[in-house]
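Residue numbers (the UniProt record's numbering): 1 to 271.
Spelled out as structure tokens, the structure:
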């Protein structure tokens, strides 16, 4: 077994939203030596076995990726490819009617695959709804803790320093919950928009834009200036690394990732 895999042992585990889960105490391997699960001490929750495929090492931490996130990403990738191939088949038949019979057999295959993926999409949506319900329950519990602490502080049963510590911790937990809610909302929006109609509409819009650009009359070329009218070439200095703005690691509802997941994970290391 490689030292890289053994690097899990002893590291703290967080979810990708920054919530602490526990510490890795060991691993369970398959008969061929591949890691099956990673044992994490969660304190009063006991030793939990987390699937290896849902874990990633980033610096001094191991990050746990929710199963719903992996399932949703896999579904979006497979459905997007299936829709693109169905659209390509439709275009082939439209351009050459003699290939209709050949394309029909392949089309049936992808129609079946699409129906299967739509069934999987329902299961993923059910999992997302269940997770949202869990997050709502967690948020209520956290707010109850904060409210009780505030009540004790106002009745002079608790020092302000203690109350502020509780507030900081509960605010952080609520922030993690809100981050996960936002990502679930983005994933649901992406799945809803991932349809053949939207794919066709996007392609039509791109073609129309390209045609309109091609039909524009070329701009008249300016007359050659006299030798004494030519402006001197100006030097352009390259911006230093410190002058360039940092790109935010946000995942928009249309699925555009503005930064790699690894960079995004590094932002929650300190939380």
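Cβ coordinates follow ideal geometry from the N, Cα and C atoms, glycine included.
Item, Value
"Among 82, 55, 127, 49, nearest to residue 277 - alpha-carbon criterion", "The first residue shown for the chain is 1 and the last is 271, placing residue 277 beyond what the model contains."
"Cα-Cα separation, residue 178 to residue 103", "47 Å"
"Nearest neighbour of residue 115, chosen from 6, 13, 195, 12 [CA to CA]", "195"
"Opening and closing residue of the beta strand (DSSP E) in which residue 20 lies", "20-29"
"Cα-Cα separation between residue 90 and residue 80, rounded to whole angstroms", "16 Å"
"Residue 190, buried or exposed, once every other Cβ within 10 Å from all chains shown has been counted against 16", "buried"
"Assigned exposure category for residue 72 - 16 Cβ within 10 Å defines buried", "buried"
"Outcome for residue 18 when other beta-carbon atoms lying within 10 angstroms are tallied against a minimum of 16", "buried"
"DSSP three-state assignment for residue 153, whether helix, strand or coil", "helix"
"Distance between residue 198 and residue 131 (C-alpha atoms, nearest Å)", "28 Å"
"Nearest to residue 16 (by Cα), restricted to the options 205, 101, 175", "175"
"Ranges of the beta strand (DSSP E) found wholly within the UniProt domain \"CdvA-like coiled-coil\" (84-205), counting only runs of at least 3", "none"
"Best match in 50, 45, 30 for proximity to residue 8 [C-alpha to C-alpha]", "50"
"Cα-Cα separation between residue 26 and residue 45, rounded to whole angstroms", "16 Å"
"Residues that residue 61 bridges to, as DSSP identifies them", "12, 58"
"Cβ separation of residue 37 and residue 28, assumed to be a contact under 8 Å, to the nearest whole Å", "5 Å"
"Span separating the alpha-carbon of residue 119 from that of residue 155", "55 Å"
"Opening and closing residue of the beta strand (DSSP E) in which residue 36 lies", "35-41"
"Cβ shell of residue 110 (< 6 Å), same chain only, five flanking positions each side left out", "82, 85, 86"
"Residue 220, DSSP secondary structure in three states", "Low per-residue confidence applies at residue 220: pLDDT is 49, beneath 50, and the placement is therefore not dependable enough to give any value."
"Proximity of residue 146 and residue 170 at Cβ, strictly below 8 Å", "yes"
"Buried or exposed by the 16-neighbour rule on C-beta atoms within 10 Å, applied to residue 232", "Because the pLDDT at residue 232 is just 34, under 50, the model does not fix this residue reliably, and the point stays unresolved."
"Neighbourhood of residue 273 by C-beta distance below 6 Å, restricted to the same chain and skipping five residues each side", "No answer is possible for residue 273: the residues shown for the chain start at 1 and end at 271."
"Cα-Cα separation between residue 123 and residue 205, rounded to whole angstroms", "32 Å"
"Inter-residue spacing [alpha-carbon to alpha-carbon] between residue 209 and residue 203", "10 Å"
"Anticipated Cβ contact below 8 Å, residue 158 with residue 164, distance rounded", "Their Cβ separation, rounded to whole angstroms, is 10 Å, which puts residue 158 and residue 164 out of contact at 8 Å."
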